[in-house]
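Protein chains in written order, with the numbering used here: chain A, 1 to 450; chain B, 1 to 331; chain C, 1 to 298.
Data block below; observations after.
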Amino acid sequence: MRLRFATLFALASAVLIMLGFPASATPASPSPSPAVAVPTGTSEPAPVTGPAIRVRLIDEAKKDAAGDPVPVPGVTVRVADTASGDPIGEGVSNDMGVAAIAIPGRGDYTVTLDTKTLPAGVKLTGTKELKVSVKLDMGQNVAFPLNRTEVKTTARSQQLISATVGGIKFGLIMALAALGLSLIFGTTGLTNFAHGELVALGAIVAWAFNVLLGIPLVLAAVLSVIVGGFFGWIQDRGLWRPLRHRGTGVIAMMIVSIGFGIALRNVFQYLFGASTKPYAEWTRQSKSTYLGVFNLADKEIGIILVSILVIALTTFALAKSRLGKAMRAVSDNPALSASSGLRVDGVISNVWILGAALSALSGVLLGINSQVNFMMGYQLLLLIFAAVTLGGLGTIWGAIIGSLIIGIMMEVGPMFGVPTSIKEVAPMAVLIIILLVRPQGILGKAQRVG
Amino acid sequence: MDFGTIIDAAFSAALGPEAIVFALAAIGLNIHFGYTGLLNFGQAGFMAVGAYGLAVSVVTFDLPFWLGITIALIAPIGLALLLGIPTLRLRADYLAIVTIAAAEILRLIFGSAEMVDTFGGSNGLSGFAQPYQDLNPFSSGLDLGFVSFSRSVLWSTVVGWALVLLCVLITWLLMRSPWGRVLRSIREDEDAVRSLGKNVFAYKMQALILGGIFGGIAGLYLALKQASVVPSDYSTNITFFAYTALLLGGAARVWGPVIGAMIFWFLMSGISAILGQLTNGPDPLLPTWVLTSTEVSLVRFVLVGIGLMLLMVFRPQGIFGDRREIAIDAR
Amino acid sequence: MPANTTGTTSAFEGVAHEPGSPKNDPIVIGDNIVRTFGGLKAVDVAHVEIQRGAITALIGPNGAGKTTLFNLLTGFDVPDDGTWSFNGTPLQRKAAFKVARLGMVRTFQLTKVLAKLTVIENMRLGATSQVGENFFAALFKPLWAKQEDDITARADELLKRFKLDAKREDFAGSMSGGQRKLLEMARALMADPELIMLDEPMAGVNPALKQSLLGHVKSLRDEGRTVLFVEHDMDMVRDISDWVIVMAQGQIVAEGTPESVMKDPRVIDAYLGAHHDVDLDEVEESPEHLELHGETHD
C-alpha cells in the first residue's frame with residue numbers, strides 16, 4: 001500500500017517536473033509512521049469454547065474515559081430451549097460484561113435476564129426475555145439494552161431536532177461539493193459524472209497524509225484541499241480544455257466524464273483498497289449537549305463550522321470579486337465574454353480549481369464524519385445531482401439550499417416511514433418529482449430549461 | 001503464458017451469455033441514444049424490472065412461469081411511462097439524471113432489508129428458472145477448442161443469440177421505415193420534426209418503451225441464465241458498460257451494439273485472463289505490490305473507463321461507423 | 001385549394017391601411033396576443049388578420065417581436081394571453097405539431113435541416129399522414145411501400161423544381177446556407193400547407209439564389225397557398241409582397257401595400273428612430289446576426 005502511494009508520489013513529481021514545477025514541493029518518499037491501532041472496545045473471548053450464546057451487557061448511559069459505554073458485570077442470564085422450555089444453562093457476566101452459556105448447537109433458544117441481579121442504578125430497557133434463533137454452528141451473540149435512554153425515552157420533537165441537525169450537517173458537507181459541481185456546470189455546461197471522484201480524492205489524499213505520513217489531520221485537510229484544487233486545474237488543462245477547443249458537445253463531454261469517473265474510481269480502489277478506513281484523529285463519537293437540545297460530537301461541531309465558514313467565504317467572494325463577476329459573464333454568454341476581452345479559458349481554469357478544492361474539502365469532512373472509502377464520492381454523486389437540480393442547475397444559492405433540503409430530507413425521512421436502509425431513495429424521488437413540477441428548480445430561471 | 005486458455009476465455013465471453021446480455025441492453029440503448037438521441041442512463045433499471053418482474057411473480061407471488069415472463073416484458077413499459085412522462089419534454093441531460101436516479105432507486109428498493117420478503121434483499125431471489133432449464137434440449141456441453149460452453153451455458157447461448165437476432169430484426173425493420181426516419185429526425189432537431197406535424201413526444205415515448213423492453217429482455221435473460229436475481233447485478237455501471245459496448249460497435253447502426261458487445265467482452269475477458277496469468281501462483285510474473293490477482297478486475301475497469309473516454313473523443317462513430325452519420329458530437 | 005388564385009392586390013380592395021385592419025377573407029385572426037419575457041413585452045398585438053391567398057410580409061426592426069409572434073402562432077411558444085384562429089379553428093394552447101397538421105407550416109430563421117439525413121430523407125419526412133410512421137405498421141413494409149413511392153415521387157418533383165435534385169443523396173449537413181433555406185421550404189411544401197410561414201427566407205442566401213427563391217415564393221401564391229414571411233430584405237418585400245405588416249416593440253404599428261408602408265412616417269420612425277434622413281433601403285444592411293440574441297426563443 002505505502003509502496004503504491006510512494007510510486008504515485010514519484011509519478012506526480014515527474015508530472016510536476018515536466019510541467020516545470022519545483023518537484024521539491026512534493027514529499028518524495030513517505031516517512032515511516034506507526035500504524036494507528038483504533039480502540040474497538042470489544043471484550044476478550046468469552047470463557048466458553050464451542051457453540052454458545054454470548055450475552056453482552058453494557059450500561060449505555062455511562063461512558064468510560066475513552067467515551068465508550070461501560071460493561072455491567074455480575075448479572076445472571078439463563079438460556080432455555082424455546083420449544084420444550086427445558087433450561088440449557090445459566091451464566092454470570094464477567095468484567096467485560098459478557099456472559100457465555102454453552103448450547104448444544106443450532107436451534108431456537110430463549111434468553112432471560114434476571115433483573116434482580118442487576119446492580120443498583122442499572123435498569124433494563126425493554127423486555128427481559130429474548131427469543132434467539134441460532135443459525136451458525138459457533139452460536140450467537142445477543143445483547144440486552146441497559147439504561148438506554150436516548151432512543152426509547154426521547155420525545156419525538158427531540159428526535160426531530162437531532163435528525164434535522166444531522167441533516168443540516170450532511171447538507172452542508174454536500175453543499176460544498178454541490179457548489180463545485182454547479183460552478184463547473186454554470187461556466188462550462190458540463191454535467192460532470194466524475195465529480196464524485198473529486199470528493200473521494202479529497203478524502204483519500206487527506207487520509208494518506210494523515211495516516212500514512214502522520215501529518216495532523218487539520219494540516220492534512222489543508223494539503224488535501226490544495227491537492228484537490230491542483231487536480232481540478234490539471235484536469236481542466238489536460239482534458240476538458242482540449243475538448244472544448246475541439247468543439248466537443250456537452251453530451252459527448254458528459255459521456256467522457258463517465259469514462260473518467262470509472263477509471264478514477266478503480267485507480268482509487270487500487271491505491272486505497274476496497275475497505276473503509278478511519279482517519280487517525282477526530283474519530284471520537286461521544287456527544288455532548290449544546291444549548292440544551294443539540295446533541296453533537298466535537299467533530300460534528302467542527303464540520304458544521306468549517307462548512308458554514310467556507311460556504312460563506314465562497315459566496316461572498318463570488319459576489320464581490322472579479323472572478324465572480326467574470327464567471328457570471330462566462331456562464332451567461334461565453335462567446336460574448338470572449339469577444340469583450342475576457343480570458344474565458346482562464347476563468348474556467350479558476351472555476352475548476354475552486355470547484356475541485358471545495359469538493360476535496362467536502363470529501364475530507366465526509367471522511368471525518370463517517371470514514372473514508374473509495375466509493376464515497378460516487379455514492380454522493382446522485383444526491384449532489386438531486387440537490388443541484390432541486391435548487392436550480394447552475395445557480396450558487398440553489399446548490400446550497402438544495403443540498404440542505406436534501407440533507408434534512410434524508411435524515412428526517414426515516415422518522416416518517418422511509419426505510420432507513422434506503423434513505424437515499426427519498427431525495428432521488430424528490431429529484432424526479434421536482435423535474436415534473438418545476439424543472440428549473442427552486443431558484444432557476446424558467447428560460448434555462450428550453 | 002498459456003495462450004490457449006486466454007483465447008478460450010476471450011472467445012467464450014465474446015460468443016457466450018456475457019456478451020449476449022450486453023448486446024441486448026445495448027440494442028435498447030441504440031434505439032434510445034443512437035437513433036432517437038435520448039440519454040437513458042438507467043438501462044440497468046429497465047433490466048432490473050425485467051429480471052425482478054419474473055422473479056417476484058414466480059417466487060414471491062407463486063404465479064406460473066409464463067405469466068412471470070409476460071409480466072417481465074410488461075414491467076419495462078410501465079417504467080418507461082413513469083420516467084418518460086415527466087422528462088421527455090425536458091432537456092436531454094434531465095432525462096439522463098432522472099433515469100440514473102430511477103435505476104438507483106430500484107436497485108436500493110430491490111436490495112432493501114425492509115422489503116426482504118418481497119424482493120429477497122441483497123441476496124436476491126432464486127428458484128424461478130426451472131421451467132427454462134427443463135427446456136434445455138442439449139445433453140452435453142460444447143468444446144470447439146477456442147470456445148467451450150457447459151451444457152447449461154450452451155443452452156443459454158443458443159436462446160440468447162436467438163433473442164439478439166430477434167431484437168436486431170425488429171430494429172432493422174423499424175429503422176428502414178418512416179417510423180425510424182422520424183426517430184432519426186428527432187435526434188437531429190425535434191423542432192423541425194414538430195414543425196412538420198409529427199407528435200415528437202409520442203415518438204420519443206415509443207422509442208423509450210421499445211428500448212426499455214429490449215433492456216428488460218436483457219435483464220430477464222440474465223436472470224434466467226443465472227437462475228437468480230441479485231440487486232448488485234443491476235448497478236449503474238452496467239448501463240455505462242453497455243454504452244461503452246454501443247459506442248465501440250457504432251451507435252445508430254443495426255449491428256453496432258452486437259458487434260460492440262462482442263468486442264467489449266472479448267477484450268474484457270482476454271485482458272482478465274492475461275493479467276490473471278501474470279499475477280497467478282506463488283511467484284507471479286508481476287510483483288504483488290504492483291498487482292495482485294484480486295485486483296485484476298480493477299485494471300480492466302480502468303481500461304474500460306479510459307476506452308470510453310477515447311472512443312467518445314476520437315471515434316464517436318465507433319470502430320466501423322461513418323462519422324457523417326452519427327450526431328452525438330453536434331450538441 | 002381556395003378559389004381566390006389570382007391573389008394580387010385586388011384581394012385587398014377596400015382594406016384600410018391601418019394597424020389591425022380587417023381583411024376581406026382572413027385565414028388567420030388574432031386578438032390580444034401578449035408574450036412577456038421578464039417584464040418586457042416582446043409581443044403585444046391587439047388585433048391582426050392575414051389575408052387568404054396573398055403574400056403578406058411581416059417587417060420591423062430587430063427585437064420588434066416578429067419571430068416571437070411566429071413562434072406563438074405556430075405553438076412553439078406559449079403566450080401570456082391571447083386568442084387566435086386558423087380557418088376558424090381556435091389555435092391557442094395547441095401543440096406545435098397539431099398546428100402544423102391543420103395546414104399551417106413554418107420554417108425557421110436559423111434553418112433546421114436534419115444534417116445527418118440525406119436530402120431526399122429530409123423531404124420524405126415532410127409528408128403528412130404516413131402509414132409507415134405508425135409503430136406497428138412500420139414493421140410491415142408492404143403496408144407503406146406504395147405510399148413511400150408516391151411520397152418519393154412527389155419529393156423528387158419538388159427537388160427538381162427547387163433545383164436540388166443533384167443533391168438528392170447528399171447529407172443535408174453538407175449543403176450551403178442558401179441550399180438549406182431552399183430545402184427547408186421544399187420540405188415544408190411536402191406537408192402541402194395551406195399557409196406557409198417563412199422566417200427570413202433570404203437570410204444568408206447568396207444573390208444568385210435570391211432571384212429563384214423569389215420566384216418560388218410567388219409560385220406558392222399562384223398555387224393558391226397563403227404566404228406569411230418575416231424579412232429584412234426590403235427588395236424582396238417590395239417585389240413580392242401583396243401586403244405588409246410592420247411591427248415595432250411588440251406592436252403592429254402600420255399595415256398597407258408595400259408602396260404605402262414604405263412612405264409611412266410611423267414606419268420610418270420605428271425603423272430609424274431619430275435618423276429620418278436615412279433612406280429605408282440602407283436598413284437591410286444592418287447586420288442580421290444581431291437579431292440572434294434578441295429574438296430567437298425557439
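Note that CB positions come from ideal geometry on N, CA and C, so glycine has one too.
Member of the options whose CA lies at the smallest distance from the CA of residue i
{"i": "S21 of chain C", "options": "C:V48, C:D239, C:G39", "result": "C:V48"}
{"i": "P71 of chain A", "options": "A:A206, A:L57, A:I303", "result": "A:L57"}
{"i": "V237 of chain C", "options": "C:L214, C:K41, C:V45, C:T118", "result": "C:L214"}
{"i": "V132 of chain A", "options": "A:K123, A:V122, A:F144, A:G121", "result": "A:F144"}
{"i": "Y221 of chain B", "options": "B:L73, B:I31, B:L38, B:D8", "result": "B:L73"}
{"i": "I33 of chain C", "options": "C:L91, C:Q51, C:P201", "result": "C:L91"}
{"i": "L256 of chain C", "options": "C:P265, C:A248, C:D242, C:E231", "result": "With the sequence shown as reference, residue 256 of chain C is identified as Gly, and Leu is not the correct amino acid for it. Of the listed residues, the one whose Cα sits closest to G256 of chain C is C:D242."}
{"i": "N94 of chain A", "options": "A:A83, A:G186, A:L118, A:L381", "result": "A:L118"}
{"i": "R120 of chain B", "options": "B:V153, B:S232, B:D143", "result": "Here residue 120 of chain B is Gly; the residue named in the question, Arg, does not match the sequence. The candidate whose alpha carbon is nearest that of G120 of chain B is B:S232."}
{"i": "F11 of chain B", "options": "B:S297, B:P284, B:M309, B:F266", "result": "B:F266"}
{"i": "M327 of chain A", "options": "A:P87, A:W352, A:L313, A:Q140", "result": "A:W352"}
Residue i classed as buried or exposed, judged by whether at least 16 other C-beta atoms fall within 10 angstroms
{"i": "G250 of chain C", "result": "buried"}
{"i": "S340 of chain A", "result": "exposed"}
{"i": "A64 of chain C", "result": "buried"}
{"i": "P178 of chain B", "result": "buried"}
{"i": "A335 of chain A", "result": "exposed"}
{"i": "E13 of chain C", "result": "exposed"}
{"i": "F240 of chain B", "result": "buried"}
{"i": "P76 of chain B", "result": "buried"}
{"i": "Q51 of chain C", "result": "buried"}
{"i": "R180 of chain C", "result": "buried"}
{"i": "I151 of chain C", "result": "buried"}
{"i": "K263 of chain C", "result": "exposed"}
{"i": "H232 of chain C", "result": "buried"}
{"i": "A28 of chain A", "result": "Residue placement at A28 of chain A is poorly supported in this model, since its pLDDT is 39, which falls under 50; the coordinates still yield a value, given next. Label assigned to A28 of chain A: exposed."}
Collapsed DSSP secondary structure at residue i in the structure displayed
{"i": "R78 of chain A", "result": "strand"}
{"i": "P90 of chain C", "result": "strand"}
{"i": "W66 of chain B", "result": "helix"}
{"i": "D235 of chain C", "result": "helix"}
{"i": "W233 of chain A", "result": "helix"}
{"i": "N40 of chain B", "result": "coil"}
{"i": "R41 of chain C", "result": "Note that residue 41 of chain C corresponds to Lys in the displayed sequence, not to Arg. Strand, per DSSP."}
{"i": "E295 of chain B", "result": "helix"}
{"i": "W243 of chain C", "result": "strand"}
{"i": "P427 of chain A", "result": "helix"}
Residues near residue i in its chain [Cβ-Cβ closer than 7 Å; skip 5 each side]
{"i": "I258 of chain A", "result": "F193"}
{"i": "K94 of chain C", "result": "G75"}
{"i": "G413 of chain A", "result": "K423, A426"}
{"i": "A335 of chain B", "result": "There is simply no residue 335 of chain B to check, as chain B begins at 1 and stops at 331 in what is shown."}
Contact set for residue i: own chain, Cβ-Cβ below 8 Å, skip 5 residues either direction
{"i": "W144 of chain C", "result": "Q130, V131, G132, A137, A138"}
{"i": "R168 of chain C", "result": "T118, V119, I120, D156, L159"}
{"i": "V43 of chain C", "result": "I33, V34, R35, G65, T68, L69, L72, P79, G250"}
{"i": "S235 of chain B", "result": "A44, R107"}
Residue i: CB within 6 Å of a non-hydrogen atom of the ligand MG
{"i": "K116 of chain A", "result": "For the ligand MG, the structure offers nothing, since it holds no ligand at all."}
Contacting residues, own chain, Cβ-Cβ under 6 Å from residue i (five flanking each side not counted)
{"i": "L179 of chain A", "result": "L358, A399"}
{"i": "G126 of chain A", "result": "P145"}
{"i": "A446 of chain A", "result": "Model confidence at A446 of chain A stands at a pLDDT of 49, short of 50, so the residue's coordinates are unreliable; what they give is reported in the following sentence. Cβ within range, chain order: Q440."}
{"i": "T60 of chain B", "result": "T118"}
Rounded Cβ spacing between residue i and residue j (contact assumed at less than 8 Å)
{"i": "V258 of chain B", "j": "A44 of chain B", "result": "Actually they do not touch by this definition, with Cβ atoms about 19 Å apart."}
{"i": "M190 of chain C", "j": "G126 of chain C", "result": "3 Å"}
{"i": "T389 of chain A", "j": "L436 of chain A", "result": "Rounded, the Cβ-Cβ distance is 12 Å, inconsistent with contact."}
{"i": "G202 of chain A", "j": "S362 of chain A", "result": "7 Å"}
{"i": "M312 of chain B", "j": "L247 of chain B", "result": "7 Å"}
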